[in-house]
Amino acid sequence: MTLDEIARAMVAKGKGILAADESTGTIAKRLESIKVENTEANRQAYRDLLFTAAGGAKYVSGVILYEETLKQKALNGTPFPKLLQDQGILPGIKVDKGVKPLAGAADYPITEGLDGLRERFAEYAKLGAKFAKWRAVIKIINGTTSDAAIHANAHALARYAALSQEAGIVPIVEPEVLMDSDHSIEACEDVTGRTLRDVFAELASQNVRLEGIVLKPNMIVSGEKNARQAGIEEVAERTLRVLKRHVPAAVPGIAFLSGGQSEELATAHLNAMNRNPLPWGLTFSYGRALQHSALQAWGGKTENVARAQKTYLHRAKMNSLAGTGQYSAAAEKELAA
Ligand code: 13P
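Counting with this note's numbering, you get residues 137 to 473 for the letters of the sequence shown.
Given below as structure tokens:
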């Protein structure tokens, strides 16, 4: 498959991406919430549960993996990338090395991982990775952010994206404006717009082919601790306004992160946006908003695997419906029935 074909398949109508690429440190927090020890065997059992859920490929076009998982085998002995490919699900790989404080503007994060990335891409391609992810993190402090931090992150995203395409791997370009603060929705809209403007300028200056990327942005939402929490229609309207201003129509698709939104709100927001005619595909690339209930249902117990898989498939189906604007409260109740 060419880059453009892979990118289009990732955002095919009614399909989205499962982000299961939590680093060993992040999955520790998720496992701790269900009182399960963070061992390689438990991480393998949990990912196995998600990736063997029968029929997942109806809703999920690709799965983002952490390096350990890309190199790991499923419980039946099949390497995870092959297990996914055999179902028609594209395996992807998180390639950034996480965030550090940006020297010169140390309240703000910069994502690291460019050194040696060309060589790592060659290895990931051999292991079967068809797409990659790099997450840049933009923080809002006192209602605004640092232009230096936006620019350093946009530059790194474009360098990563160019290296990814060079290796024949589709880059997911993820600039995440965090929602875990007290800022207004207006501040989120302003900072997201400034970020996307710089990201697309850097992608252009570094000759990244827009037909062969997927953008993974945040939605425009109120800061988690802000007193005014905007409703679903307002989130949809502001998010579409910013994206239409800054994302060229050559980009095949946009797959949102959930960023700390509840499962049902993340679905409802996506659904509201997909009721409009759009220049690009608009779908999900959720981590927490696809996994939260399934993780709780599992609780680390083998006897709960079937129920956890049913819970995951329900969430994936709801988001698939949201990808065509057909999600409803009635559909949401299906799981209980
Ligand atoms: P969340 O949907 O939990 O924000 O995770 C998506 C992701 O991949 C963040 O990098």
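Think of the CB as a built atom: it goes at the ideal place given N, C-alpha and C, for glycine as much as any other residue.
Whose C-alpha, out of E204, A156, K151, is nearest the C-alpha of A177? If we check each option's Cα against that of A177, E204 comes out closest.
In the DSSP assignment, find the unbroken alpha helix (DSSP H) run with T162 in it and report its ends. Note, T162: alpha helix (DSSP H), 160-168.
Whole-angstrom C-beta distance between I349 and V309, which should lie under 8 Å: 5 Å
Could you check whether the Cβ of L201 sits closer than 8 Å to any heavy atom belonging to ligand 1? no
So L299 packs on F336, CB below 8 Å; how close in whole Å? Not confirmed; about 18 Å, so no contact.
In this structure, how does DSSP classify K149 when only helix, strand and coil are distinguished? coil
Ligand 1: which residues have Cβ under 5 Å from any of its heavy atoms, chain order? A155, R271, L393, S394, G395, Y422, G423, R424
CA-to-CA distance, G192 to K469, given in whole angstroms: 19 Å
Complete runs of the alpha helix (DSSP H) confined to the region 387-457 [at least 4 residues]: 399-409, 424-434
CB contact check: L186 to chain B, cutoff 9 Å: The displayed structure is made up of one protein chain only, and chain B is not part of it.
Over the uninterrupted beta strand (DSSP E) stretch that includes L219, give me the two end residues. Where L219 is concerned, there is no enclosing beta strand (DSSP E), although the alpha helix (DSSP H) it sits in stretches over 216-221.
Verify the contact flag: V441, CB atom, against every heavy atom of ligand 2, threshold strictly below 8 Å. As for ligand 2, it is missing from this structure, which binds only ligand 1.
Leaving out five residues on either side along the sequence, give the residues of the same chain with a beta carbon under 6 Å from the beta carbon of S317. I276, G359
Assign V231 to one of three DSSP states: helix, strand, or coil. Of the three classes helix, strand and coil, the one that applies to V231 here is coil, per DSSP.
How far does the alpha helix (DSSP H) with V378 in it extend, from its first residue to its last? 368-382
Which residue wins for smallest C-alpha separation from S421, given the options I200, V172, R144? I200
Going by the CB atoms, is the gap between Q427 and A156 shorter than 9 Å? yes
Check whether the Cβ atoms of F187 and L226 sit closer than 9 Å, and answer yes or no. no
Between V371 and the rest of its own chain, which residues show a CB-CB distance below 8 Å, the 5 nearest in sequence each way excluded? I321, M355, I356, V357, H405, A408
CA-CA distance, Q180 and T160? 12 Å
Taking C-alpha atoms, which residue in V387, T280, A366 lies nearest to A340? V387
Please state the DSSP three-state secondary structure of I349. coil
Local conformation of E310 per DSSP, three classes: strand
Could you pull out every unbroken beta strand (DSSP E) segment of at least 3 residues lying fully inside the region 287-339, listed in chain order? Qualifying beta strand (DSSP E) stretches, in chain order: 306-313.
By how many angstroms is the C-alpha of A145 removed from the C-alpha of P217? 17 Å
Within 10 angstroms of its Cβ, does E168 collect 16 or more other Cβ (buried), or is it exposed? exposed
The alpha helix (DSSP H) enclosing D184, as first and last residue numbers: That run of the alpha helix (DSSP H) goes 176-187.
So within the region 229-271, which uninterrupted beta strand (DSSP E) runs reach at least 3 residues, ignoring any that extend past its ends? 235-238, 241-247
Please report the Cβ distance between L185 and V441, rounded to the nearest whole angstrom; I am assuming they are in contact, meaning their Cβ atoms lie under 8 Å. Going by Cβ atoms, the distance from L185 to V441 rounds to 5 Å, so yes, they are a contact pair.
Nearest to L219 (by Cα), restricted to the options V172, G264, L471, A242: G264
Grab me the residues of T447's own chain with a C-beta within less than 6 Å of its C-beta, minus the 5 sequence neighbours each way, in chain order. Shown here for T447: same chain residues with a beta carbon closer than 6 Å to its own, the five before and five after excluded, namely S429, A430, A433 in chain order.
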